[in-house]
Each structure stands twice: as structure tokens, then as C-alpha cells.
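Residue numbering for the sequence shown follows the numbering used here, starting at 1132 and increasing by one per position. Glycine included, each C-beta is placed from N, C-alpha and C at the ideal position. Computed from a predicted model, the values in this text were never measured in an experiment. Report on the following structure.
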Amino acid sequence: MKFMDSSQVRYSIRTGLAGISKHKAMSLASIVTTTACLLLIAAVLILGLNLRANAQAFQTDNTMLAFVDETLSDSEARALQSEIEAIPYVEKVGFISREDAMNAYMEEYGEENLTSSHLSPSVFRDRYSIEVNNHGKIKQVATNVEAVAGIADIRMDEKVSEGFAAIQRVVWIIGLVLGVMLLTIAIVIMTNTIGLTMMARKEEIGVMKMMGAYNGFIRFPFMVEGCIIGTAGAVISFTIASIVYLVVARAVSNSGILSIAVIEPYNSMAILLLVVVLVLGLGVGVAGSIITMRKHLRV
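Here you go:
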């Protein structure tokens, strides 16, 4: 196996850059397509990570909330406590009135918030906070609590986390299908771009082969061209995804009720996001150049 010296590497890089410059329109199309593809993949990755964070946040303890029917009076709602306490595996039951629920909400999310400033207790429902002493029996307890006359709905962490997990699976599947489709389109456009460069250098390549140039020396400039285009698409997509995520995360955090959602810190996902888009961008560039070389060259 032959290795190129520094002068040959510099020649290959200059040649690759020259190929991009000579075919600006196709190179730009390749960069735009690669960027769009990687942006979608970045969006799916970010959404998946945030859904996972929300699912984990709700898997904290063995507590559930039982919401009382709105038609019940305060005394009727409070009378349900003894019936709930009699259910097996129930450790502790606490009654939370409408006023208590509103005060807890205002305390957590701030009275100055525009969304919460016009709230009244009637917006909330009386509820019971129920602690279960056996996590394996939490579904059974939920079924028994829901069967109590006067209980309208149950919310437990397991239901919420399972919902997030289901949404996450759908997002991964849809993202994978669309990502593969866009990656294929990006590779096709990349092969056309590099193919134009090969056609323009057809005579030069023929002379180089007759003079005994080895295969790696002929291939490398086209590999460089593909990698430059792929890297450009990766950097642009990472920059756009980062800016949009920071703006959206700040907006969600300041949006009142939406601030209940758990937002994954940008710093915790930035390196992973950058690595993924760079690897995929380089992969598109390398794949496009290899396919083109096999199609147009006998080297």
C-alpha cells in the first residue's frame, strides 16, 4: 500500500477545492441537500433525547393523582378518602383542594406569568395524592382507585412515561425512514457533482494513468471534494439546529404551562449532535465519491 507525501496531499486538496469551485451550482445543491438531510436527522435526535428525558422525569416514585368528579361538592369529594385508604397497597392518601392545586401551580411557575395570572380555583379539580407501598402493584391500585364512585380520572407516572416512550418510538421510526430517503437523495446529488468533476478531468486522469499514477493518488482529490461538501453540510446543519434549539428551549421555559415539560440542556447533547452530523456528513461525501469512482473509473 502506497502513502502520499505532503506535496501530494496538498495537490489533492487543491484539486478537490478546484472541482467544487468549477461546478458551483451542483456543489451548492449537494451542500443544501446534505444540510436539509442532516437537519432532519438532528431534529429527530433532539426530539428523541427530550422525549427520553421527559419519560425519565416522570419515573420518579410510586405516587399517583386521582382527580375527583367536578360535579361533587367539597364535602363529597373529601368523603372519598376513607374509601381510597381501604384499597390494598395504598400507603398514604392526601386530599388536595382546588385552591391548594392552584396555589401549588402559582408557586412553582410564578404569579407574574401571563398565562397563569388569570387563573382561578375553578380551573383546577379536587384531587387525591396516593402513595403506593409496592411499585409492582401500582397498576392494580390505579384500577381499584378508578373504580371508586366519584373518581373521574387517574394520572400516574407510569402512564405518562409509557406515553412518552411510545411517541419516542414513532419519532425514531419516522425519522429513520425519512433520514434514509434524504441521505439517498444527498448521495445521488453528490455523485452527480463529483461525476462532473471527473468528466472535466477525464483527459488528465487518462494521462496520469498512462504515466503510472497509482490508484490512491487519482481517487484522493474526489474523496476530498466529497468530504468538503459533506462537512460543509454538517457544520451548517449543526449551527442551524443549535440556534433553533436554544431559541425554542428558552421560549418553552418562559411559556407558562409548557414549562412543565423537561428540556434537555443544550450542553449535554451538543457534542453528540455534532459527532452524529459530522459522521453522517462525511459518510455522504465518502459514499458519493466511491460510487462515482466505481461508475466512471476503472481504478
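Within 9 Å, strictly: CB atoms of residue i and residue j
| i | j | result |
| --- | --- | --- |
| residue 1359 | residue 1151 | yes |
| residue 1197 | residue 1282 | yes |
| residue 1221 | residue 1263 | yes |
| residue 1275 | residue 1218 | yes |
| residue 1174 | residue 1372 | yes |
| residue 1195 | residue 1286 | yes |
Of the listed residues the options, nearest to residue i (C-alpha basis)
| i | options | result |
| --- | --- | --- |
| residue 1321 | 1369, 1285, 1363, 1305 | 1363 |
| residue 1410 | 1351, 1368, 1141, 1218 | 1368 |
| residue 1230 | 1219, 1215, 1257, 1141 | 1257 |
| residue 1155 | 1418, 1397, 1394, 1323 | 1323 |
| residue 1464 | 1379, 1399, 1397, 1361 | Here the chain comprises residues numbered 1132 to 1430, so residue 1464 is not present and cannot be evaluated. |
| residue 1400 | 1183, 1146, 1144, 1145 | 1183 |
Straight-line Cα distance separating residue j from residue i
| i | j | result |
| --- | --- | --- |
| residue 1300 | residue 1306 | 10 Å |
| residue 1255 | residue 1207 | 17 Å |
| residue 1169 | residue 1304 | 16 Å |
| residue 1384 | residue 1232 | 21 Å |
| residue 1126 | residue 1224 | This structure does not reach residue 1126, given that the chain is present from 1132 up to 1430, and the question cannot be answered. |
| residue 1421 | residue 1370 | 28 Å |
| residue 1393 | residue 1181 | 7 Å |
| residue 1209 | residue 1226 | 7 Å |
| residue 1244 | residue 1408 | Confidence in residue 1244 is poor, its pLDDT being 49 and thus under 50, which makes the residue's placement too unreliable to answer from. |
| residue 1141 | residue 1353 | 13 Å |
| residue 1377 | residue 1213 | 48 Å |
| residue 1247 | residue 1414 | Unreliable positioning characterises residue 1247 in this predicted model, as indicated by a pLDDT of 47, which lies under 50. The coordinate reading is nonetheless provided below. In a straight line, the C-alpha of residue 1247 is about 48 Å away from that of residue 1414. |
| residue 1395 | residue 1153 | 43 Å |
| residue 1350 | residue 1160 | 22 Å |
| residue 1319 | residue 1157 | 11 Å |
| residue 1228 | residue 1238 | 15 Å |
| residue 1205 | residue 1271 | 27 Å |
| residue 1179 | residue 1309 | 15 Å |
| residue 1379 | residue 1261 | 35 Å |
| residue 1398 | residue 1145 | 36 Å |
| residue 1235 | residue 1277 | 24 Å |
Neighbour-count burial assignment, residue i, 16 or more Cβ in a 10 Å radius
| i | result |
| --- | --- |
| residue 1381 | exposed |
| residue 1365 | buried |
| residue 1284 | exposed |
| residue 1356 | buried |
| residue 1211 | buried |
| residue 1374 | exposed |
| residue 1416 | buried |
| residue 1176 | buried |
| residue 1185 | buried |
| residue 1273 | buried |
| residue 1412 | buried |
| residue 1124 | Since the first residue of the chain shown is 1132 and the last is 1430, residue 1124 is not available in this structure. |
With a cut-off of 8 Å, do at least 3 Cβ pairs link the stretch 1152-1171 to the stretch 1306-1322?
yes
Given 8 Å, three or more beta-carbon pairs between the stretch 1400-1407 and the stretch 1195-1202:
no
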